[in-house]
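*Asks:*
Given below as structure tokens:
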């Protein structure tokens, strides 16, 4: 195997990337594809974010001011779909592409042509999804959870395009996951046993298995919708003997592991960053691996906690409550490990570390509200209110998205060879940190006080904190323009980065030059 | 033994926190918290919520305490050389087992309350609750009375043309009325898409699902008007279908039931009377505004691509039989529901006549009217 790679080495070193547009269109290079994924996800983050701004602008005051309820529902649906499938997931795939080969000492991903395909079908999927905004009857308007029969019998005609685009996204994710698994299983450098693998690689290995397990389930759900809409079946149509609750079981059997798909890679990233800036080996590497594995396994047996109010029998409610509470144990282990890593460390606070610490604190707050939501009797009051909105935005925005930003600041010197502007990075952090908390913390209160989610207008007692929340959202939204500026500035130039970049950094990616050469580890490194 | 201990802890903690949160200085804060409600169950649920909340706060203080201490005490300046420890089996075991025990402590009272909520014995009064896009129907099964409950907040208030009233978006034309102290059982279902019937003061939230009947029950001891909402996205006007329940003393309730029965008799008389086209159009306009404008719009133009126009529609112009059939049966595979049970014979005839004679339809089509007895005729079993 290594002999083959070495001959390649000789050929490839003479020609770098092709010039112009075809470099990106035809590329099979993991670094190029990683970059494509990251830019694509950032574009989607801005589009989905703009939709969130429309939502918050409408909710700034009670009454209908800016949009009609019909369009409001389209915004909240597309915001959810774009952020989940267009922003967070592709960003993690982009990071996986850039980092996994370098972290395991491999020259590239195992299946480079499939890698190209799995990226390039994504823009097609989102082009189709976004084009539904201009169709007669408007874009999908049934929420990102698209519960039948609102998404079948009662849906606008564009639902068929939505189904097609979900199929494409699913195909892309499955191909990406196969690539990750094959790369990790077959292409690790000699000496890198599974338990020596960096945690980001571990987190992605587990994530990839989750994706392969649940993406086909999602495909099944949308296919049944398609049959109900166009071919006269009644999977979810009660009038034809079907079962609308079946849809929710299928959706959440996909949906709950999906939630962990969006957070496990964040666990990996955070572990690396806290270790580096504490200048101390990560506490409990082995228990981190076991915690992530347990979380992944548990994620398959908790789906009905999204459905406590659909009228499940008592035994089912009890089982799903207990199973859900159990997730707090491995999650707690991870948080304790991060805190103990910092304990007696030698800490500095560069931008990635600030984002990572904010991740730990705010994700834990999201975990606490998650624990509260697991308590079924209390969930009867929380369910489908802004309390839930606050909960999942706490785990997804200062959770998943902060970890992605932390990762960009942490690895961008390796990607571009330039240091980012530390002063601007910190400014971006503080604006985002304040913005995110002002946006989402008051939503706990308005939810508890009784405001349902997914409404374009609300009763007067919720007015004050909705206004505060909107102000926070505008601040958070605007600060991401600063992020775009910082990234572009770093790509264009800046202080040159050393190979190690960070004083306390561990891992193979810090042994190659900054920027990392177009082809790395053509000869596998030895891991002791 | 164990159960007793946890209930005591539960009660003790709840008592402490309740006293904090109900003290006058926290008055403003109570607007930011879950309602305690007015039933034994809702108070128990509130107690659980506060118990779990304070346990989370306590854990947060410990974890974030250690974290913030480390952040200040172990900076590179103060601690240039980091320690090298990275494992400690007994510590790791401890922080796996202790949280597990805390979880068990939470699960016990939660499971108890849940079991009480799932009490499935018969109610004194059984009320069927049916969700529609976008209103609720209530049917009292024992007394054989029923009615629809529509939002009454004016469009002018919603579109900021007039000041908003005190109960903006939380007011309906007809509230559910229940007596104090009786066990009321709600049988919840839906006619079109999934809705969810939420009454925070009773701690009841049950999804209304087509093809399913979910149950929930309550016993309320405190008379008053309680306000809740639909909590499952059910289309365009999901935010505009509130739930209002009026809890009244038994004698007042009996009077109300008698009044409803009498009104039903009066309605039967109206059905038999001879109606003129003008009378029907006049009555129909109100029915149309309440039931049809959300989709077909007040000018009858509908919304292109989703909701068909009635102005100039061939069926409305020239096909009285099909027009009647659509209203009575709904349209299979589309958003148009059957209104056979939602509208009385009089209102059905009136709204059909109204659409056939408005927006120039009378001039462009046959202009035929439908009278209440036509509906009665339609409803008769066909041989």
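Chains as they are written, first to last, in the numbering used here: chain Z, 13 to 540; chain B, 72 to 454.
Ideal placement from N, C-alpha and C gives every residue a C-beta, glycine not left out.
Since we're looking at a predicted model, the values are computed, not measured.
1) On the DSSP letters alone, give me the boundaries of the beta strand (DSSP E) that residue 344 of chain B sits inside.
2) Can you tell which of B/383, B/213, B/245, B/398 has the C-alpha that lies nearest to the C-alpha of residue 258 of chain B?
3) For residue 432 of chain B, is the classification buried or exposed, using 16 other Cβ atoms within 10 angstroms of its Cβ as the cut-off for buried?
4) Step through the CB atoms of chain B and report whether any lies within less than 8 angstroms of the CB of residue 57 of chain Z.
5) Looking at the secondary structure, which residues open and close the beta strand (DSSP E) in which residue 286 of chain B lies?
6) Please list the terminal residues of the continuous alpha helix (DSSP H) segment that includes residue 56 of chain Z.
7) Which one of Z/263, Z/184, Z/293 has the shortest CA to CA distance from residue 516 of chain Z?
8) Please look up how many angstroms separate the CB atoms of residue 399 of chain B and residue 409 of chain B, rounded, as I've assumed it's under 8 angstroms.
9) In chain order, what residues of the same chain lie with their CB nearer than 7 angstroms to the CB of residue 303 of chain B, ignoring the 5 residues before and after it?
10) Please determine, among Z/363, Z/442, Z/238, the residue with the shortest C-alpha to C-alpha distance to residue 432 of chain Z.
11) Report the residue ranges of all alpha helix (DSSP H) runs contained in full by the stretch 106-153 of chain B; include only those spanning at least 4 residues, in chain order.
12) Where does the unbroken beta strand (DSSP E) through residue 210 of chain B begin, and where does it stop?
13) Give the residues from the stretch 68-95 of chain Z that approach chain B closer than 7 angstroms (Cβ to any Cβ), ordered along the chain.
14) If you compare alpha carbons, which of B/237, B/238, B/270 is closest to residue 109 of chain B?
15) Check whether chain Z comes within 8 angstroms of residue 185 of chain B, counting only Cβ atoms and requiring the distance to be less than that.
16) So, does the CB of residue 189 of chain B fall closer than 8 angstroms to a CB anywhere in chain Z?
17) Tell me whether the beta-carbon of residue 162 of chain Z lies closer than 8 angstroms to the beta-carbon of residue 305 of chain B.
18) Taking just the CA atoms, how far does residue 188 of chain B sit from residue 320 of chain Z?
19) Counting C-beta neighbours from all protein chains within 10 Å, is the total for residue 407 of chain Z 16 or more, i.e. buried, or is it exposed?
20) Give the C-beta separation of residue 222 of chain Z and residue 269 of chain Z to the nearest angstrom, bearing in mind that I take them to be a contact with Cβ-Cβ under 8 angstroms.
21) Mind checking whether residue 491 of chain Z and residue 415 of chain Z have CB atoms under 8 angstroms apart?
22) Taking 8 angstroms as the threshold (C-beta atoms), are residue 316 of chain B and residue 246 of chain B in contact?
23) Measure from the alpha carbon of residue 60 of chain Z to the alpha carbon of each residue in Z/509, Z/489, Z/505, Z/359, then state which is nearest.
24) Return the chain-ordered list of same chain residues with a C-beta closer than 8 angstroms to the C-beta of residue 126 of chain Z, the five sequence neighbours on each side being excluded.
25) Please list the terminal residues of the continuous beta strand (DSSP E) segment that includes residue 258 of chain B.
26) Is it true that the stretch 294-308 of chain Z meets the stretch 248-265 of chain Z, where meeting means three or more beta-carbon pairs spaced less than 8 angstroms apart?
27) Where in the stretch 276-357 of chain B do unbroken runs of the alpha helix (DSSP H), each at least 4 residues long, occur, reported from the N-terminal end onward?
28) Count the other CB atoms within 10 Å of the CB of residue 272 of chain B; is the residue buried (16 or more) or exposed (fewer)?
29) Only counting the same chain, and skipping five residues up and downstream in sequence, which positions put a Cβ closer than 6 angstroms to that of residue 104 of chain Z?
30) Residue 166 of chain B touches chain Z at which residues, Cβ-Cβ below 7 angstroms?
31) In three-state terms, what does DSSP make of residue 266 of chain B?
32) Over what stretch of residues does the alpha helix (DSSP H) that includes residue 449 of chain Z continue unbroken?
33) Please state if the CB of residue 181 of chain B and the CB of residue 339 of chain Z are separated by a distance shorter than 8 angstroms.
34) Round the Cβ separation of residue 83 of chain Z and residue 150 of chain Z to the nearest angstrom and send it over; I've been treating them as touching at under 8 angstroms.
35) Contact defined as beta carbons within less than 8 angstroms: I believe residue 282 of chain Z pairs with residue 420 of chain Z. What is the distance between those atoms, to the nearest angstrom?
36) At which residues does the alpha helix (DSSP H) containing residue 218 of chain B begin and terminate?
*Replies:* So, from the data block:
1) It is not in any beta strand (DSSP E) - residue 344 of chain B carries neither H nor E in the DSSP assignment.
2) B/213
3) The residue in question, residue 432 of chain B, is buried, as its Cβ has 16 or more Cβ neighbours within 10 Å.
4) no
5) 285-289
6) 42-70
7) The residue from Z/263, Z/184, Z/293 with its alpha-carbon nearest to that of residue 516 of chain Z is Z/293.
8) 6 angstroms
9) Short of 7 angstroms from the beta carbon of residue 303 of chain B, and not among the five residues preceding or following it, lie these beta carbons of its own chain, in chain order: 265, 266, 267, 278.
10) Z/363
11) Runs found: 111-144.
12) 206-211
13) 74, 75, 76, 77, 81, 82, 85
14) B/270
15) yes
16) yes
17) Yes, the pair counts as a contact, with Cβ atoms nearer than the cut-off.
18) A direct Cα-to-Cα measurement between residue 320 of chain Z and residue 188 of chain B gives close to 13 angstroms.
19) buried
20) 5 angstroms
21) Residue 491 of chain Z is not a Cβ neighbour of residue 415 of chain Z, given a cutoff of 8 angstroms.
22) yes
23) Z/489
24) 187, 190, 191
25) 255-261
26) no
27) 321-343
28) Buried: at least 16 other Cβ atoms inside 10 Å.
29) 277
30) 344, 345, 348
31) strand
32) 434-460
33) no
34) 7 angstroms
35) Residue 282 of chain Z to residue 420 of chain Z, Cβ: 14 angstroms. No contact.
36) Annotation for residue 218 of chain B: no alpha helix (DSSP H) segment contains it, though the beta strand (DSSP E) segment containing it runs 216-220.
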